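These notes concern the structure reproduced below.
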Amino acid sequence: MPANDEARILRVWTPVLLRTILITAATILILGLLLMATRSPGYYVQRYQAVQAGGLHERERFGELIANALGGDPHSVMTVGLFMLTLVPLGRVAFCFLLFIRERDYAYVAFTAYVLAGLVVGVMLGRIG
Amino acid sequence: MPEIVGGLFALAIVAGLIGALSGLGGGVFIVPALVIIAHMPMKVAVGASMISVVATSAGASVAFVRDGWTNLKVAMVLECATVTGAVTGAYLAGIIPTVVLELMFALMMLQSAYFSIRKRGDDLVEHGDPLSRRLDLAGEIPNDQGQPVHYEVVNVFSGAGLMVVAGLMAGLLGIGSGALKVMAMDYIMHLPLKVSSATSNFMIGVTAGAGALVFLARGDVSTAIAAPVALGVTAGALAGSRFLPHANERVLREAFVVILLLIAIEMGWRALSGI
C-alpha cells in the first residue's frame, strides 16, 4: 500500500474510531448515573462519603463486573463505562497495529505492538499490585 | 445525590475548560480541585483525573488528526517511551507516600508555569537525522496562506528520553504531562509548536490510558467520583476548544501562570504541613 494511502486511512479513520468509543463510553456513564439516581441514590452518597474518608477499594472480577452491569447494577454500569473510556487509546493503537501489519511496515508494527503490550502489562500490574 | 454529582460535574467542567484554554489538559486542574475543594484523598483525585485525561485527549484529537496537525508517526514512536514511564509510574503511585506525590505535583506545576512563560515561536530544521528519515517522521503543515510547509525531525532518542520522564510523571500524578511532552518535541526534536501541541494531546490518551488501566484494575478508581468528573471535564474541554480561537492568547497565558503558581504553592504547603 502506498505511504499516502496509509496516511489517508489513519487521518480519516482514527478520528472516527476515537469519537465512536468516546460517545459509547459517555453514554454508558450517563446511563449508569441515571440508574444510580433512580435506584439507589443513598448508596451513592454513602460511597462518596466513604471515599472522602479514605475508604477506597473497588476491585471487582471482570466476570462479575460484566454480569452485574448486564443485570443493571448502576455501580457496575459506570465502571464498565470507565473501562470503555480507557479503551479509546487501546482501540486506536490496535487499529494502527493492524494497518501496519497490512502494509508490512515492520518498524511501526514493532512500535505499536510494544505500546499494546505496555497497556496489557498495565492491567496485569494493577491486578498484582 | 444530585447535589454531589452536580457539584463534581461543575468542578470538572471548570477544570476541563481551564485545561483546554491553557493547553495543559484537564488533569493539571482537576487533581487540585478534587483535593482542595472536594476534600478527596490524593490517590482518588489522581485516579479520576487519569480517566478524564483519556477522555479529553480523545475529544480534542478528533479535530487535530482530521485537520492534519497531529504527526501520527512521531506519536507512535514516542508512545513506546511514554507508555514505559506511565506503567512504571502508575505502579509506583500505589507505593509512594501521598506527601511525596503532592510535592512532586507542586514541582510539576512550577515546570508547567515556567514552560508557559518560555513558550516561543517555531525553530524548524532543514534536514532530519538518519533515524528520523528511516522512520519517515517528517511532515507538512499549512502556513497562514494555506500553503504546505515541510518540517523535519531530529534528536529522536533525546526526545524519547524526556518522554519516559513525562510518562513517569503522568503515571504517578494522573496528569497528561502535556507541558513536558510539548517541550520534548518543540525544543529537542524541533517540531513546529502547533504540531507538538496536537501530537502531545494525541499521545496523552495512551499515557493516561496505560496509567488508568493500572488504577482501574487495582481498584483504585472510585466510580462514584470518576464518572461525573470524566463527563464534566470532557464537556468543559469541548467548550474550551470552541472558545479558544476567540481568546486573547497573551492574557490567557499570564492568567494561567498565576493559577499554576497558586496551585503549586497550595499543594506544596499541604504536603509540607501534613494536611
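Order-wise, the sequence lines are chains A and B.
First residue of the first sequence? That's 1 in the numbering used here, and the numbers climb one at a time after it.
First residue of the second sequence? That's 1001 in the numbering used here, and the numbers climb one at a time after it.
Here a beta-carbon is modelled for each residue, glycine too, at the ideal position from N, C-alpha and C.
The structure presented is a predicted model; accordingly, all values stated were derived computationally and were not measured.
Met124(A) counts as exposed, since fewer than 16 other beta carbons sit within 10 angstroms of its beta carbon. Residues of the region 99 to 127 of chain A with a Cβ closer than 7 Å to any Cβ of chain B, in chain order: Ala107, Tyr108, Phe111, Thr112, Tyr114, Val115, Gly118, Leu119, Val121, Gly122, Val123, Leu125, Gly126, Arg127. Along the region 5 to 29 of chain A, going in chain order, the ones with a CB nearer than 9 Å to a CB of chain B are Ala7, Leu10, Arg11, Val12, Thr14, Pro15, Val16, Leu18, Arg19, Ile21, Leu22, Ala25, Ala26, Leu29. Among the residues of chain B, none has a CB under 7 Å from the CB of Thr38(A); the nearest is roughly 10 Å distant.
Taking a cut-off of 8 Å on C-beta distances, the region 1193 to 1204 of chain B touches the region 1071 to 1090 of chain B, as three or more cross pairs fall below it. Interface flag for Phe83(A) against chain B is set, since a Cβ pair is found closer than 8 Å. At a C-beta separation below 8 Å, Thr1234(B) has these neighbours in chain A: Leu22, Ala26.
The three-state secondary structure of Val1154(B), taken from DSSP, is coil. Using a CB distance below 9 Å, the part of the region 1027 to 1052 of chain B facing chain A consists of Ala1038, His1039, Met1040, Pro1041, Lys1043, Val1044, Gly1047, Met1050, Ile1051, Ser1052, ordered along the chain.
A check of alpha carbon separations from Val1077(B) across Asn1155(B), Ala1227(B), Ala1271(B) identifies Asn1155(B) as the nearest.
Of the residues Ala1160(B), Ile1265(B), Ala1237(B), the one whose Cα lies closest to the Cα of Ile1030(B) is Ala1237(B).
Interface flag for Leu34(A) against chain B is unset, since no Cβ pair is found closer than 8 Å. Ala1010(B) is not a Cβ neighbour of Tyr44(A), given a cutoff of 8 Å. In this structure, Val88(A) sits away from Ile28(A), with a CB-CB distance that is not shorter than 8 Å.
The Cβ atoms of Val1062(B) and Thr86(A) lie no closer than 8 Å to each other. Burial check for Thr1088(B): the Cβ neighbour count within 10 Å reaches 16 or more, so the residue is buried.
Look at the region 1173 to 1203 of chain B: it has no residue with a C-beta under 7 Å from a C-beta of chain A. The beta-carbon of Leu31(A) is placed no less than 8 Å from the nearest beta-carbon of chain B.
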